[in-house]
Every structure is written in C-alpha cells, then in structure tokens.
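Residue numbers for the sequence shown follow this note's numbering, beginning at 1195 and rising by one.
We put the beta carbon where it would ideally sit given N, CA and C, even for glycine.
Only a predicted model underlies this, so the values are computations on that prediction, with no experimental measurement involved.
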Amino acid sequence: EKMDEALLKRIGFHACVRATGTLAESPGSGQAVEVHASEIEILGDNPLSEYPLQPKRMTMEFLRENAAFRLRTQTLSSVFRLRHGLGYAIHRYFHENHFYYLHTPIITGSDAEGAGEMFHVTTLDLENPPRTEDGHIDWKKDFFGHPANLTVSGQLQAETGALSLGRVYTFGPTFRAENSNTPRHLAEFWMIEPEAAFFDLKDDMDLAEDFLKYLIRYALEHYADDLAFLDKRIQQEERNMKKEDRRPMGLLETLEFVIANPFERITYTEAIRLLQNSKPYKKGRFQFPVEWGRDLQAEHERWLVEKKFDRPVIVTDYPKDIKAFYMRLNEDDKTVAAMDVLFPGIGEVIGGSQREERYDMLLQRMEEMNIPKEEMQWYLDLRKFGGAPHAGFGLGFERMVQFVTGMSNIRDVIAFPRYPGHAEF
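Quick look at the structure:
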C-alpha cells in the first residue's frame, strides 16, 4: 500500500513509529526479517537539526556527553542487552548452586577494605555543624548518631549470612571515593560477593573459575547476535592499528578460549620471580617497580595473562602487608590466603580470600592495622560464637561486562557512570 509522502518524510533518524503489517524474510543483508507495513503512525517526531545524535559514526566520548540518548545506538544497546543477560545469569548460577541472595546495607558504619576512601552520609548542616567541647564534629547529633558512609563492600555483612545460612551472595551498588580518573575505575559500580561456609582457598578459586566460565558461556549461548556485532566493531576499530597494538584474538575467539582452557594458578612469589625474569623488566619497560612486598600493577597483571601464560591467571598467597585485615594468615606468617583472578585486557576481575576464622589471629591483625576493636566487635564475635572456616570473593560487575563486550572504557558499560567531576542525572 502506498504511504503518504509527507508522512514518510517525517520518519527521521531515531524517530518513534508504530508500524502494522506482515513480518517477512528479508532479502537484504544485515537483517533476518523485515516488516511489510500496511499502516504507519508516527508516535514521536525527531527534529534532526536539534537532535544531539546524528546518522554517522560518533565517538564514545561524544556519546558519554549525551548519555540520555546513547543507549539508542547499536553499540550501546548491544552492550546493555548483554549487561542484562549477565545480571540474570549471576542470579541463576547462584540459585542453581544453593546460594541465598542477601541484601546488605548501602549505608554502613564500617569500612570493609580499611582504606578510608568512602563517601560520607550526613544530615548535618555542613556550614555550621554541631561540635563537641573539644571542637570536633558531634556525630551524636547526626541522623544515625555516629559517622555513616556509602558501602565499599557487602562482604563483612555477607559473612554473617554465610555463618548462618551456609552460602550467600550479594549483588548491589558499591562506592569508592578514589580520585581515579581512568578507563578502569568508577566511583559507583556493582559488586557480586559470594561467601561460603566451610570453603578454603582452593574451593574459593574453583568457585570463581566455574562462575566466570558460566557467565561467559551464558552470554555466548543467548546473545550471539550482539556479540557478533561487537566483535565486528572491534575488528573495524583495529584495522588501522599497528599489529602490536591489536588484540591477539577477536572478541568471540577470546571468550571461547577462556571457557575452553583451565585458568593458570601461581603464587604471588612465583609471579614476582617470573616478572623479574621477563624481558620488559630487564629492559626497564615496566613503569612500576617489581619487588616482593609491592602490589602488582595492571601492567604486571597483563604481562602475566597476555604474554606469559596466554590465559586467565589466578595469583594466590599475597604478602599480608598489602592485603586486608580479614584474610587468613598462612603458616609462614608472611602471606595470606588471598587470590586475585586476572583477565586479558583488564587485569584483576576478582579479588578474594579465605577469611581469618581464628579469633586471636583476627584480633592481632586488626591491632596491627589500627582498626578499632569497638567498631568491629560484632565481626570478632562471629569467630567467638560458633564460627567456621569460610571464604569468598568480590567480582566487579562492570569489569566483567567490559570483558564480555570488549569495550575499552568501563564508563561505557554502565548507563550513568560516576567518576571524578561527573554525577549527572
């Protein structure tokens, strides 16, 4: 049926229309089906001269500046369909493996990481806060009666669930007030944190590897079209790059490779030895020093994954001085039963450990790190009253989405990214 020419001219880029007709196989390339329309109604005009997006190639930075519309693009809509699918797969995996979903608080009085880089929550008048006799802010007059913050982790609270229900997991927003303006960091992101009673470090590593492979497998099975599009997009982007700057494998090939091969497992001490014997170290190409007692940087992690082993790597048994107070001390009294899972392209995706279940050892670690006992007595009491060995880890959801979609900037896998100087919407 012939359509009104004036009506057809109104159908512009990203206009909203309702079409009634017959669904048919498409003879054209790039689509499996098409609609043979008998009726078209325009629900929302889109004046192209005023519209921020245009029917041409747009940079990710430009789309971030126009975040209200960027999900309309094919790239971002593919990314966020995959984000949805991965979120669903997370709940399905833990349900199938007998974990209970525990909602931990967003407003908290504890700093799980002991780093102090937290966003503070208060109802006090910041221009004229109440003060004590010695001039300090009187937090007793605040809403909660003491200092409160946005959570950096639900792990400590999840441990209460694990020592009651056996296996629990959290999946919720997390906040870090780190002034890190990089493609790898966000101030607000989502974390998945399973915690399981009677797990040791090996169980923790086995769970992490199985979980990550499950998520990737789910994406490949249920979002093949979106992944194929993103794979092609990356290939087009890298076409004019130098060979050494390109990814060693395409997106789909990388995902298939990860689920087909076992993760390499090495200790931190072995990692340091390998790095110190590497060509980049001997030729002074690493920006950060490599020595026992220092944390591994992204460049070190990526060398281990992409150059040395060519597969994901789990690094275990880190020095106690660079890890959190709650990690179980090993017999050497120098290292803790910690593990990090490193992925190609992005470095660390999971950090976890066997938790310190021995009351005296945990108290000693807290004293060494100047963590007030009074604020954490409830956490100590978990060891005092019917405690058990347990372990867990944290997975940054956005980093996982970034890996599965192949996006180079973490700000493009969350709808409204928060980072230094940016908190729009």
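Under 7 Å, do residue i and residue j count as touching if we go by C-beta distance?
i	j	result
I1508	R1467	no
E1551	G1581	yes
F1293	R1361	yes
P1341	W1333	yes
L1280	L1409	yes
C1210	L1237	yes
F1423	S1304	no
F1356	H1208	The sequence shown places Ala at residue 1356, rather than the Phe named in the question. Against a cut-off of 7 Å, the Cβ pair of H1208 and A1356 comes out as no contact.
Q1620	T1298	Lying before the first or after the last residue shown, residue 1620 is absent from the chain, which here runs from 1195 to 1619.
V1607	E1618	no
L1296	T1364	yes
A1413	L1270	no
L1543	A1402	Note that residue 1543 corresponds to Val in the displayed sequence, not to Leu. No; because the gap between Cβ atoms is not below 7 Å, this pair is not in contact.
E1151	G1586	This structure cannot settle anything about residue 1151, because the visible part of the chain is limited to 1195 through 1619.
I1428	G1600	yes
I1234	I1386	no
G1206	V1229	no
Am I right that residue i and residue j are in contact with their C-beta atoms under 8 Å? What's the rounded C-beta distance?
i	j	result
L1445	D1420	Not confirmed; about 11 Å, so no contact.
G1588	Q1349	7 Å
Spell out the partners DSSP gives residue i in its beta bridges.
i	result
F1369	E1382
S1547	A1532 and G1586
L1217	V1229
R1459	I1508
E1235	R1212
N1343	T1302 and H1314
H1616	Y1613
G1541	F1537
Could you tell me which of the options sits nearest to residue i, measuring between CA atoms?
i	options	result
Y1462	D1511, I1386 and Q1430	D1511
L1380	S1602, P1483, Y1613 and M1312	Y1613
H1278	I1544, K1567, Y1417 and F1619	Y1417
A1213	K1196, L1202 and A1231	A1231
E1562	K1514, M1312 and V1607	K1514
I1300	N1240, K1528 and E1382	E1382
M1628	S1358, E1592, P1506 and T1316	The chain is shown from 1195 up to 1619; residue 1628 falls before or after that span and cannot be answered.
R1559	I1544, D1527 and A1261	D1527
D1504	F1482, M1443 and R1522	M1443
K1396	D1439, Q1548, A1200 and L1202	Q1548
P1474	N1455, W1497 and I1604	W1497
M1312	A1261, A1371 and Y1282	A1371
E1290	D1328, D1554 and D1404	D1404
Less than 7 Å between CB atoms is the rule here; does residue i satisfy it with respect to chain D?
i	result
E1447	Among the protein chains of the structure shown there is no chain D, as only one such chain exists.
*Evaluate the contact criterion for the stretch 1216-1227 versus the stretch 1244-1256: three or more CB pairs, one atom per stretch, below 8 Å.*
no
*Counting pairs of beta carbons, one from the stretch 1527-1543 and one from the stretch 1594-1614, are three or more of them closer than 8 Å?*
yes
_Inter-stretch contact at 8 Å, needing at least 3 Cβ pairs: the stretch 1427-1445 / the stretch 1559-1573_ = no
*asked:* Under 8 Å, with one C-beta from each stretch per pair, do the stretch 1514-1533 and the stretch 1478-1491 reach the 3-pair mark?
replied: yes
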